[in-house]
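Asker: Counting from 1, position 13 in the sequence shown corresponds to residue 6 in my numbering; the numbering is continuous, with no gaps. We treat Cβ as the ideally placed atom computed from N, Cα and C, and that holds for glycine. Structure in structure tokens, see below.
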Amino acid sequence: MIRSLLALLSYGLPRLWAAAFLCSALINLLWPSHFLHPQQHCAVAYTISAGSDSASNVWTCQPYWWATRHWGEAFALKLVTLLDLLMAGLCWSLYHFRHRLRGDGA
């Protein structure tokens, strides 16, 4: 029982963590605004006045990666994505390193 639990911890978890980090990086790359409210990367382009008392805003939205209003958040998202990919590679390398030590092949 304890040996099978240790085997799971040393061989199964690095692959699981690698998959989790890779999925996180893919979500950040393919759907980067998943954690934002839609208006957070939109800006008022101009205002239309239909009379003296009424006006309506026309919104323009940019893809999140190119939104200049949130350059700090875009940089942080790129950094987190890079760290996710780095951690996925590290976990996968740990898995293969343990298998080589054990003699199971690459």
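Could you work out which residue in Ile(-5), His89 and Ala18 is closest to Leu79 when comparing CA atoms only?
Answerer: Ala18
Asker: Going by DSSP in three states, Trp58 sits in which element: helix, strand or coil?
Answerer: Its pLDDT being 48, under 50, Trp58 is placed unreliably by the model, and nothing is read from it.
Asker: Beta carbon of Leu9, beta carbon of Ala81: below 9 Å?
Answerer: no
Asker: Quick test of your reading: Leu70 and Asn21, contact by CB under 8 Å. State the CB separation rounded to the nearest angstrom.
Answerer: Between Asn21 and Leu70 the Cβ distance is about 6 Å, and since that is below 8 Å, they are a contact.
Asker: To which residues of the same chain is Ala13 closer than 6 Å at the C-beta, ignoring the five residues directly before and after it?
Answerer: none
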